[in-house]
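Report on the structure given below.
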């Protein structure tokens, strides 16, 4: 009887620990961006990825590679016009294909950080796929086919649902809320934004977050506006 009571107590403690570890919803970060936009690249490589590596347990991230691009129907597929040229469309489609094929934000985040850290992201697909332990061949086939066109179009359709409509990149939402000042704060110190937004028990990594809210007045927004 004593043994059973101890086992029950341990089980309850285990359940309590699990509940405490998930005592609040994660901070949701949605990023709409372009693979050749220097400000998008800077945000991913200096803020989003580094913050994700230490706070992923309290974050929910989704990335949408389209931005200030346009599309039009072309037979069964789509033709895209991107702000930084055709190669940016190619880079955007690489991410769209990777996102669909991986279906794992951990792999996707590593892949996109690798892609945007490269000298020229549109040419880094094969290298970055290998770096994250994924086969490049199906992604390459996706990018050169109707599959890739349709996946990138799906991203565009998702972006069109934004309210307000996107008018610059990187376009960042925190818990489904857009605010220009908040975008600037994310670009300055995303770790602070995540830690100060999370309503649960803060992880240890948040104890070193700066305690002063990043001032929007002391930083120029790093954005590329829609033409």
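In mature numbering (1 follows the signal peptide of the UniProt record, and there is no 0), the protein residues as written are -21 to -1, 1 to 206.
Cβ atoms here follow ideal geometry from the backbone N, Cα and C, with glycine treated the same way.
Check: Does DSSP put residue 52 in a helix, in a strand, or in coil?; Outcome: strand
Check: Going by CA-CA distance only, name the one from 131, 30, 5 that's closest to residue 168.; Outcome: 30
Check: With contact counted as at least three CB pairs below 8 Å, one residue from each stretch, are the region 143 to 162 and the region 71 to 89 in contact?; Outcome: no
Check: Take residue 5 and list the residues in its own chain whose beta-carbon comes closer than 6 Å to its own, dropping the five residues that flank it on each side.; Outcome: 37, 38, 39
Check: Report back the beta-carbon spacing between residue 188 and residue 33 to the nearest angstrom; my notes put them in contact at under 8 Å.; Outcome: Incorrect: roughly 10 Å between the Cβ atoms, too far for contact.
Check: Can you tell me whether DSSP reads residue 204 as helix, strand or coil?; Outcome: strand
Check: Round the Cβ separation of residue 14 and residue 64 to the nearest angstrom and send it over; I've been treating them as touching at under 8 Å.; Outcome: That pair is no contact at about 11 Å.
Check: What runs of the alpha helix (DSSP H), each 4 residues or longer, lie entirely inside the region 26 to 104?; Outcome: 28 to 34, 65 to 81, 84 to 96
Check: I need the straight-line Cα distance from residue 27 to residue 154, nearest angstrom please.; Outcome: 15 Å
Check: With distances taken Cα to Cα, identify the nearest neighbour of residue 92 among 20, 176, 186, 68.; Outcome: 20
Check: Who are the near neighbours of residue 7 in its chain, counting only those whose CB is closer than 6 Å to its CB and skipping five residues on each side?; Outcome: 39, 154
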